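Take a look at the structure set out below.
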Amino acid sequence: MCYFRAGTSENWRPDFKQFREFDLGANLPMWKGERWLDIRQRSVWTVMQKRIKLASQRGCDAIDPDNVDGYDNERGGGFRRPLSKADAITYVRKLSREAKRYGMSTGLKNAADVIKSLHDDIHFAVNEECAQLGECDVYQNFVAPKDNRVPKPVFHI
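Structure follows, in structure tokens:
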């Protein structure tokens, strides 16, 4: 599984200069040099396509795109037109379709409030803090769906 930041930029990454200034939103308070990305921008998508291709070239079976929840942070990522849940859902679907082109699965990192909308688009979820925060119940219908959907794993790290 290959991890990468899909919703934020880090100014020390080799591809950072491919982002344009208007692609960059608010700074992440706890992570120096990291800013939210406007995931609606074509230029951001172009960089992510390259990251997904690189994951495939490195032999990854899946991608773990992080920070797709800009809508829930710094007032929608700090953009004049804030990021929305709908933007995140559209973006994760695009990431998943692109990964599928290379034969890879896609996970949803944190962002549990959009998991129901993405159940058919992702293959697993990754969570870092639901046990600490007492919020793991949001994954219940993902791992044991009440409808005819396929149960999927959640990896708590």
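Those letters in the sequence shown? Residues 2 to 158, by the working numbering.
Don't be surprised by glycine CBs; every beta carbon is placed ideally from N, CA and C.
Predicted, not measured: the structure shown is a model, and the values here were computed from it.
Less than 8 Å between the CB atoms is what I'm expecting for Asn142 and Lys110, so what's the real figure, rounded?
-> What you label residue 142 is simply residue 141 of the sequence shown in a count that begins at 1. What you label residue 110 is simply residue 109 of the sequence shown in a count that begins at 1. Wrong, their Cβ atoms sit about 18 Å apart, outside the cutoff.
Give the DSSP-derived three-state secondary structure of Phe156 in the structure shown.
-> Translated into positions along the sequence shown, residue 156 becomes position 155. It is a strand residue.
Identified DSSP bridge partners for Ala63 = What you label residue 63 is simply residue 62 of the sequence shown in a count that begins at 1. The partner list for Ala63 (beta bridge, DSSP) reads Ser106.
Taking Cβ positions, are Glu75 and Gly34 nearer each other than 8 Å?
-> For this step, residue 75 is matched to residue 74 along the sequence shown. For this step, residue 34 is matched to residue 33 along the sequence shown. Contact annotation: Glu75 and Gly34 have beta-carbon atoms that are not nearer than 8 Å.
Taking three-plus beta-carbon pairs below 8 Å as touching, is the region 3-20 in contact with the region 41-49?
-> As far as the Cβ criterion goes, the region 3-20 touches the region 41-49, which means the pair count is three or higher.
Beta-carbon proximity check, Val69 vs Ala87, cutoff 8 Å | Residue mapping note: residue 69 aligns to position 68 of the sequence shown, counting from 1. Residue mapping note: residue 87 aligns to position 86 of the sequence shown, counting from 1. With respect to Ala87, Val69 sits apart: the two C-beta atoms are not nearer than 8 Å.
Smallest Cα separation from Ser10: which of Pro154, Cys3 and Arg52?
-> Against the sequence shown, residue 10 aligns to sequence position 9. Closest by alpha carbon: Arg52.
Work out the CA separation of Asp148 and Met49 for me, nearest whole Å.
-> Counting from one through the sequence shown, the residue named residue 49 turns up at place 48. Counting from one through the sequence shown, the residue named residue 148 turns up at place 147. Pairing Met49 with Asp148, the inter-Cα distance amounts to about 33 Å.
Does the distance from the CB of Ala63 to the CB of His120 come in under 8 Å?
-> Taking the sequence shown and counting its residues from 1, the one referred to as residue 63 is at position 62. Taking the sequence shown and counting its residues from 1, the one referred to as residue 120 is at position 119. No, Cβ-Cβ distance for Ala63 and His120 is not below 8 Å.
CB Ser97 to CB Asp65, shorter than 8 Å?
-> Locating residue 97 in the sequence shown gives position 96, where the first residue counts as 1. Locating residue 65 in the sequence shown gives position 64, where the first residue counts as 1. Cβ atoms of Ser97 and Asp65: not closer than 8 Å.
Would you check if the distance between the CB atom of Tyr72 and the CB atom of Leu55 is smaller than 8 Å?
-> In the sequence shown, the residue the question calls residue 72 occupies position 71. In the sequence shown, the residue the question calls residue 55 occupies position 54. No, these two residues do not count as a Cβ contact at 8 Å.
Per DSSP, Leu25 is paired with what?
-> Position 24 of the sequence shown, counted from the first residue, corresponds to residue 25. Answer is Leu38, bridged to Leu25.
Can you pull the DSSP bridge partners for Cys3?
-> For the purposes of this step, residue 3 is taken as the residue at position 2 of the sequence shown. In DSSP, Cys3 forms a bridge with Ile64.
Consult DSSP for Glu11 and reduce its assignment to one of helix, strand or coil.
-> As a first step, residue 11 is located in the sequence shown; it is residue number 10 there, counting from the start. Glu11 falls in the strand class under three-state DSSP.
Distance, Cα to Cα, Asn128 vs Cys3?
-> Here residue 128 refers to the residue found at position 127 of the sequence shown. Here residue 3 refers to the residue found at position 2 of the sequence shown. Straight across, the Cα-Cα distance linking Asn128 with Cys3 is about 15 Å.
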